[in-house]
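Residues 1 to 255 in the working numbering are what the sequence shown lists, from first letter to last. C-beta atoms are modelled at their ideal positions from N, C-alpha and C, and glycine is treated no differently. This one's a predicted model, so the numbers in the text were calculated from it and none came from an experiment.
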Amino acid sequence: MNPAKRRTVIAGNWKMNFTPAEATAFINEIKPMVAGKDNCDIIFCAPFVSIAAAMEAAKGSNIVIGAENVHYEAKGAYTGEVSAEMLKAIGVNTVLVGHSERRQYFGETDETVNLRTKAALAAGMRVILCMGEVKEQRLAGITNEICAMQIKLDLAGISAEDMKNVIIAYEPVWAIGTGLTATPEQAEDACAVIRATLAELYGNEVAEATTIQYGGSMNDGNAAELLSKTNVDGGLIGGASLVAKKFTAIVDAAQ
Ligand code: 13P
Numbered sequence: 001m002n003p004a005k006r007r008t009v010i011a012g013n014w015k016m017n018f019t020p021a022e023a024t025a026f027i028n029e030i031k032p033m034v035a036g037k038d039n040c041d042i043i044f045c046a047p048f049v050s051i052a053a054a055m056e057a058a059k060g061s062n063i064v065i066g067a068e069n070v071h072y073e074a075k076g077a078y079t080g081e082v083s084a085e086m087l088k089a090i091g092v093n094t095v096l097v098g099h100s101e102r103r104q105y106f107g108e109t110d111e112t113v114n115l116r117t118k119a120a121l122a123a124g125m126r127v128i129l130c131m132g133e134v135k136e137q138r139l140a141g142i143t144n145e146i147c148a149m150q151i152k153l154d155l156a157g158i159s160a161e162d163m164k165n166v167i168i169a170y171e172p173v174w175a176i177g178t179g180l181t182a183t184p185e186q187a188e189d190a191c192a193v194i195r196a197t198l199a200e201l202y203g204n205e206v207a208e209a210t211t212i213q214y215g216g217s218m219n220d221g222n223a224a225e226l227l228s229k230t231n232v233d234g235g236l237i238g239g240a241s242l243v244a245k246k247f248t249a250i251v252d253a254a255q
């Protein structure tokens, strides 16, 4: 991370975990543990039904509660989806878009990820845009090309001004939930490629100011080394974001 140039962001993605009661208990547990640790933003993205409870518990703390997805239309016949306006109406200003599980299991494409990102930004929300290569692409030696292509497609039509509200989460799919973490060098190399692509699209100033997180089996044991890399400005954490002690250790690594 380069704290002189950009904000470090440590975010948890709870995925399909935590009922409202569990979310309340978790936030109440972790709130005092991360209190005053202000060298990074702390975010938990919660399942839709648990957002309100998590927000209530997080009131007055340095914890921000976000959502895990958002639809690109304002309203209408889109069963099971939630719009940016709906999220904003309950006070949610941060949202994950394009997580690999959405792409893998629910048919999301770079096109829908781009539409969702645009809709969230138009509503004034902050987007954590997730991308990254699958195992076959890494083995084929095309990680850099895949990362550059995803960034270009996912950010198509998004202005330099809007990039102030975009965080990129580089999440190599082979490292998610597998216990296989990218090495700090692999994470740094991919994040550097992403930053170079941002520079190509928006110029150096925007590229240098954009927070790029690493995600994929980040935990209390490997966070410090990953976060020590110049282009790794934070983490997007799955499994370890469900355990207060582990997540707090990652926040500590970012201080
Ligand atoms: P894990 O930390 O469980 O590998 O999940 C990472 C992730 O997908 C965060 O969005």
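DSSP state of residue i mapped onto helix, strand, coil
i      : result
ASN39  : coil
MET55  : helix
ASN219 : coil
VAL34  : helix
ARG126 : strand
MET131 : strand
GLN213 : strand
VAL9   : strand
SER159 : coil
ILE65  : strand
VAL97  : strand
With 16 other Cβ atoms within 10 Å as the buried cut-off, status of residue i
i      : result
THR8   : buried
ASP41  : buried
GLN186 : buried
VAL166 : buried
LYS135 : exposed
MET16  : exposed
TYR105 : exposed
GLY60  : exposed
GLY234 : buried
THR178 : exposed
LEU139 : exposed
Cβ-Cβ separation, residue j to residue i (assumed contact under 8 Å), whole Å
i      : j      : result
ALA53  : ALA23  : 5 Å
VAL64  : VAL97  : Not really, about 16 Å apart at Cβ, beyond 8 Å.
THR173 : GLU145 : Correcting the residue type first, residue 173 is Val in the shown sequence and not Thr. VAL173 to GLU145, Cβ: 15 Å. No contact.
ASN231 : GLU200 : Actually they do not touch by this definition, with Cβ atoms about 15 Å apart.
ILE194 : ILE151 : 6 Å
THR109 : ILE158 : That pair is no contact at about 16 Å.
THR210 : ALA148 : Not confirmed; about 15 Å, so no contact.
ALA240 : ASN219 : 4 Å
Under 8 Å between C-beta atoms of residue i and residue j
i      : j      : result
ILE237 : ALA11  : yes
ASP154 : MET131 : yes
GLY216 : GLU171 : yes
ALA156 : ILE128 : no
ASN2   : VAL34  : no
ALA84  : ALA123 : yes
LYS5   : GLU208 : yes
THR19  : SER50  : yes
TYR214 : ALA249 : no
PHE247 : ILE27  : no
beta-carbon residue i near the ligand ATP non-hydrogen atom, thresh 7 Å
i      : result
GLY215 : Absence of the ligand ATP is noted for the structure shown, with the ligand 13P being the only ligands found.
C-beta neighbour in chain C for residue i, strict 8 Å
i     : result
THR24 : Reference to chain C is not applicable here, since this structure consists of a single protein chain.
**Message:** Quick test of the definition: if touching needs 3 or more C-beta pairs under 8 Å, does the segment 35-52 touch the segment 70-80?
**Reply:** Of all C-beta pairs linking the segment 35-52 to the segment 70-80, fewer than three are shorter than 8 Å, placing the two stretches out of contact.
**Prompt:** Given 8 Å as the limit, is there contact between the segment 211-231 and the segment 245-253, that is, 3 or more CB pairs closer than that?
**Reply:** Of all C-beta pairs linking the segment 211-231 to the segment 245-253, three or more are shorter than 8 Å, placing the two stretches in contact.
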